[in-house]
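A.B. asks: Just so we're aligned: the sequence shown equals residues 1 to 426 in UniProt numbering.
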Amino acid sequence: MRPTSAESGAACVGLSLRCRYKCTAARTGNASKARIANQIPSDILEDPQLKEAVAQLPSNYNFEIFKTVWQVRRANAKRVALQFPEGILMFACAISDILESFCGVDTVIMGDVTYGACCVDDFTARALGCDFMVHYGHSCLVPVDVTSIKTMYVFVDIGIDTQHFVDTVRKNLEPGKRLVIVGTIQFVAALQAAKQVLSADYTVTVPQAKPLSPGEILGCTSPKLPDQDVLIYLGDGRFHLESMMIMNPDLAAYRYDPYAKKFTRERYDHAEMHSLRKHAINTARQAKRIGLILGTLGRQGSPKVMEFLKEKITASGREYITVLLSEIFPSKLDLFDDVDAWVQIACPRLSIDWGYAFPKPLLSPYEAAVALDVIEWQSVYPMDFYAQDSLGPWTVNHGRGARAKRAQATTSATTAAVPAEQPSTA
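Structure (structure tokens):
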């Protein structure tokens, strides 16, 4: 169950009061070898004081404290940045104190808003003198071999009443249905457990949009699933679910809230969304000067996508200006009188969900590609911004899936072509 604010506060206060002064709004003020390397030493796993400290955190939230302590020590880190989404920021103080006490490091709790894994803010962490970063609550959207400092992702797997979820599905959906079950990264383990049980009565699919984990969806990235009957989202809120609904408009969608233990039918007004976005695109087609916004909230902005759009805008005979913004508001863009339309390379959902609130068109990269006649408008709005098998180069990882397959095929062919070693004639 979700801890109350009082419980989380007690966990924080019980470990130390010092941590209240640490929060900072950062912007303002080979497989076996890997397994061996990641084996946590017994002196960490069996440390009674560390166990006692970990016990102050909610037992159904897996913050991977023992692993974190081991990784921080292995890295010989001196200053560690901790980045949390707001939903679990309440545990930042307790975790900070644990790491300081058992790793001998300084910690910096990054207070800027963190919407998703795209917001991993290694740049700011490095600027603050950090040599290690722990990002909580999201998957490795930005690979650790890309980040500017050593980075560890903690998914924060949340234990739920899986049996209640299974029983609820059985009570509401008749046997034989083809089910698709998805959720956020915190619940992918629960999804797999539920699939094993539900498969006795249903055909169950846990889909994957690489590079995401099986069952994981994002607010901007979901798999397209034909020939299914029902979509079930495990999680609270609708933001991520809406991505899946937009990508699969013909699927009947349901949401199971593991905290409230409620199962609800969910709907989305596809016609209205398509109408609003088409209008914005058609208006932007008349623009002579376009403002290109590169999101600077963590790693939201993609320079590769930016360069693609610059090339297409120039080829169309239009002018452009480039603006860097961490947060995008109508009042800020209103200051640019000579810009006729905007394209934001930050979060596609900002245009989809809030584009109507901006006086001038605010397009996503996909919508810009339509306005610039690079691609035709799609009858199903693509939610593939981080997908490897995406629609076009206006997305972050476009073509990486194909390149990986080609590399794998080349490796296999090379291996097969190596001749057997001949016996020596000497």
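Just so you know, even glycine gets a beta-carbon here, dropped at the ideal spot from N, CA and C.
So Asn367 is in the alpha helix (DSSP H); what residue range does that whole segment cover?
C.D. replies: What you label residue 367 is simply residue 367 of the sequence shown in a count that begins at 1. One detail in the question is off: residue 367 reads as Glu in this sequence, not Asn. Taken as a continuous stretch (DSSP letters only), the alpha helix (DSSP H) holding Glu367 covers Pro365 to Ala371.
A.B. asks: Leaving out five residues on either side along the sequence, give the residues of the same chain with a beta carbon under 6 Å from the beta carbon of Gly14.
C.D. replies: If you number the sequence shown from 1, residue 14 lands on position 14. Residue placement at Gly14 is flagged as unreliable, the pLDDT there being 36, under the threshold of 50; the coordinate-derived value follows with that caveat. These residues qualify, in order along the chain: Gln56.
A.B. asks: Quick one: what does DSSP say Asp257 is sitting in, helix, strand or coil?
C.D. replies: As a first step, residue 257 is located in the sequence shown; it is residue number 257 there, counting from the start. If DSSP states are grouped into helix, strand and coil, Asp257 belongs with the strands.
A.B. asks: Do three or more CB pairs link the segment 155 to 169 to the segment 108 to 124 at distances below 8 Å?
C.D. replies: No: the two stretches stay apart, fewer than three of their Cβ pairs being nearer than 8 Å.
A.B. asks: Could you check if residue 434 is buried or exposed, using at least 16 other CB atoms within 10 Å of its CB as the buried criterion?
C.D. replies: Since the first residue of the chain shown is 1 and the last is 426, residue 434 is not available in this structure.
A.B. asks: In chain order, what residues of the same chain lie with their CB nearer than 8 Å to the CB of Gly87, ignoring the 5 residues before and after it?
C.D. replies: Counting from 1 along the sequence shown, the entry for residue 87 is found at position 87. Excluding residues within five positions, the ones whose Cβ falls inside 8 Å are Gly137.
A.B. asks: With 16 as the cutoff for other CB atoms within 10 Å, does residue 480 come out buried or exposed?
C.D. replies: Nothing about residue 480 can be read from this structure; the chain reaches only from 1 to 426.
A.B. asks: Under a three-way DSSP split, which group does Phe239 fall into?
C.D. replies: Within the sequence shown, residue 239 is the residue found at index 239, counting from 1. Helix.
A.B. asks: Going by other Cβ atoms of all chains shown within 10 Å of its Cβ, with 16 needed for buried, is His240 buried or exposed?
C.D. replies: Along the sequence shown, read from residue 1 onward, the residue named residue 240 stands at position 240. Classification for His240: buried.
A.B. asks: Could you tell me the boundaries of the beta strand (DSSP E) in which His135 lies?
C.D. replies: Counting from 1 along the sequence shown, the entry for residue 135 is found at position 135. Run containing His135: Phe132 to Tyr136, per the beta strand (DSSP E) assignment.
A.B. asks: May I have the straight-line CA-CA distance separating Met273 from Asp227, to the nearest angstrom?
C.D. replies: In the sequence shown, the residue the question calls residue 273 occupies position 273. In the sequence shown, the residue the question calls residue 227 occupies position 227. Using only the alpha carbons, I get a separation of about 24 Å.
A.B. asks: For Arg73, I'd like the list of residues in its chain whose CB is within less than 7 Å of its CB, leaving aside the five on either flank, ordered along the chain.
C.D. replies: One-based indexing of the sequence shown puts residue 73 at position 73. Closer than 7 Å at the Cβ level, and outside the excluded window around Arg73, lie Cys103.
A.B. asks: So, are the CB atoms of Thr162 and Ala193 less than 8 Å apart?
C.D. replies: Residue numbering aside, residue 162 sits at position 162 when the sequence shown is read from its first letter. Residue numbering aside, residue 193 sits at position 193 when the sequence shown is read from its first letter. Cβ atoms of Thr162 and Ala193: closer than 8 Å.
A.B. asks: May I have the straight-line CA-CA distance separating Met247 from Arg277, to the nearest angstrom?
C.D. replies: Along the sequence shown, read from residue 1 onward, the residue named residue 247 stands at position 247. Along the sequence shown, read from residue 1 onward, the residue named residue 277 stands at position 277. One C-alpha to the other measures close to 15 Å.
A.B. asks: Where does Gln40 sit, in a helix, a strand or coil, going by DSSP?
C.D. replies: Indexing the sequence shown from 1 puts residue 40 at position 40. The sequence shown places Ile at residue 40, rather than the Gln named in the question. Coil, per DSSP.
A.B. asks: Helix or strand or just coil, what does DSSP make of Leu294?
C.D. replies: The sequence position of residue 294 within the sequence shown is 294, counting from 1. Correct three-state label for Leu294: strand.
A.B. asks: If I measure Cβ to Cβ from Val142 and keep anything under 7 Å in the same chain, skipping five residues before and after, which residues do I get?
C.D. replies: Here residue 142 corresponds to residue number 142 of the sequence shown, with the count starting at 1. Counting only Cβ-Cβ distances below 7 Å, and skipping sequence neighbours, we find Ala117, Val120 and Arg299.
A.B. asks: For the candidate residues Ala75, Arg349, Gly235 and Ile375, whose alpha-carbon lies nearest to that of Leu363?
C.D. replies: Taking the first residue of the sequence shown as position 1, residue 363 is located at position 363. When only C-alpha atoms are compared, the closest one is Arg349.
A.B. asks: What's the C-alpha gap between Arg267 and Ala253?
C.D. replies: Working through the sequence shown from its first residue, we reach residue 267 at position 267. Working through the sequence shown from its first residue, we reach residue 253 at position 253. The alpha-carbon atoms of Arg267 and Ala253 are separated by roughly 7 Å.
A.B. asks: Using three-state DSSP, classify Gly129 as helix, strand or coil.
C.D. replies: Counting from one through the sequence shown, the residue named residue 129 turns up at place 129. In the structure shown, Gly129 sits in coil (DSSP, three-state: anything other than H, G, I, E or B).
A.B. asks: Measure how close the beta-carbons of Thr203 and Leu179 come, nearest whole angstrom, since I'm counting them as under 8 Å.
C.D. replies: Within the sequence shown, the letter at position 203 stands for residue 203. Within the sequence shown, the letter at position 179 stands for residue 179. Confirmed, about 7 Å.
A.B. asks: Could you check which residue in Thr114, Val146 and Leu128 has the C-alpha nearest to that of His135?
C.D. replies: The count along the sequence shown starts at 1 and reaches residue 135 at position 135. His135 has its Cα closest to that of Thr114, out of Thr114, Val146 and Leu128.
A.B. asks: Nearest to Gly219 by CA position, among Cys347, Trp70, Tyr366 and Val323, is which residue?
C.D. replies: As a first step, residue 219 is located in the sequence shown; it is residue number 219 there, counting from the start. Answer by Cα proximity: Cys347.
A.B. asks: So is Leu212 buried or exposed if we call it buried at 16+ other beta carbons inside 10 Å?
C.D. replies: The residue you call residue 212 lines up with position 212 of the sequence shown. The residue is buried, with at least 16 neighbouring Cβ atoms inside 10 Å.
A.B. asks: Tell me the rounded alpha-carbon separation between Lys177 and Val230.
C.D. replies: Looking up residue 177 in the sequence shown gives position 177. Looking up residue 230 in the sequence shown gives position 230. Near 7 Å, if we compare the C-alpha coordinates of Val230 and Lys177.
A.B. asks: Whole angstroms is fine: what's the gap from Ser59's alpha carbon to Val343's?
C.D. replies: Position 59 of the sequence shown holds residue 59. Position 343 of the sequence shown holds residue 343. Roughly 44 Å between the two C-alpha positions.
A.B. asks: With a threshold of 16 other CB atoms inside 10 Å of the CB of Glu307, please say whether the residue is buried or exposed.
C.D. replies: The sequence position of residue 307 within the sequence shown is 307, counting from 1. It counts as exposed.
A.B. asks: Alpha carbon to alpha carbon, what distance is there between Ser101 and Phe91?
C.D. replies: Residue numbering aside, residue 91 sits at position 91 when the sequence shown is read from its first letter. Residue numbering aside, residue 101 sits at position 101 when the sequence shown is read from its first letter. Going from the Cα of Phe91 to the Cα of Ser101 covers about 16 Å.
A.B. asks: Can the beta-carbon of Phe358 be found less than 8 Å from the beta-carbon of Gly291?
C.D. replies: To locate residue 358, count along the sequence shown from 1; it is residue 358. To locate residue 291, count along the sequence shown from 1; it is residue 291. Cβ distance not < 8 Å, so Phe358 and Gly291 don't count as in contact.
A.B. asks: Could you name the residues of the same chain whose beta carbon sits closer than 6 Å to that of Cys140, not counting the 5 residues immediately before and after it, in chain order?
C.D. replies: Position 140 of the sequence shown, counted from the start, is the residue given in the question as residue 140. So the list reads Tyr153, once near-sequence residues are dropped.
A.B. asks: Check this for me: beta carbons of Phe165 and Leu225, under 8 Å apart or not?
C.D. replies: The count along the sequence shown starts at 1 and reaches residue 165 at position 165. The count along the sequence shown starts at 1 and reaches residue 225 at position 225. Cβ distance not < 8 Å, so Phe165 and Leu225 don't count as in contact.
A.B. asks: How many Å lie between Gly355 and Ala280 at the Cα?
C.D. replies: Taking the sequence shown and counting its residues from 1, one reaches residue 355 at position 355. Taking the sequence shown and counting its residues from 1, one reaches residue 280 at position 280. Cα to Cα, the separation comes out at about 8 Å.
A.B. asks: Whose C-alpha, out of Asp338, Asp334 and Ile328, is nearest the C-alpha of Glu319?
C.D. replies: Within the sequence shown, residue 319 is the residue found at index 319, counting from 1. Nearest option by C-alpha distance: Asp338.
A.B. asks: Can you give me the Cβ contacts of Trp70 inside the same chain, cut-off strictly under 6 Å, excluding the 5 residues immediately before and after it?
C.D. replies: Walking along the sequence shown from the start, residue 70 turns up at place 70. Around Trp70: Ile40 and Ile44.
A.B. asks: Beta-carbon of Ile375 versus every beta-carbon of chain B: anything under 8 Å?
C.D. replies: You won't find chain B in this structure, because it holds only one protein chain.
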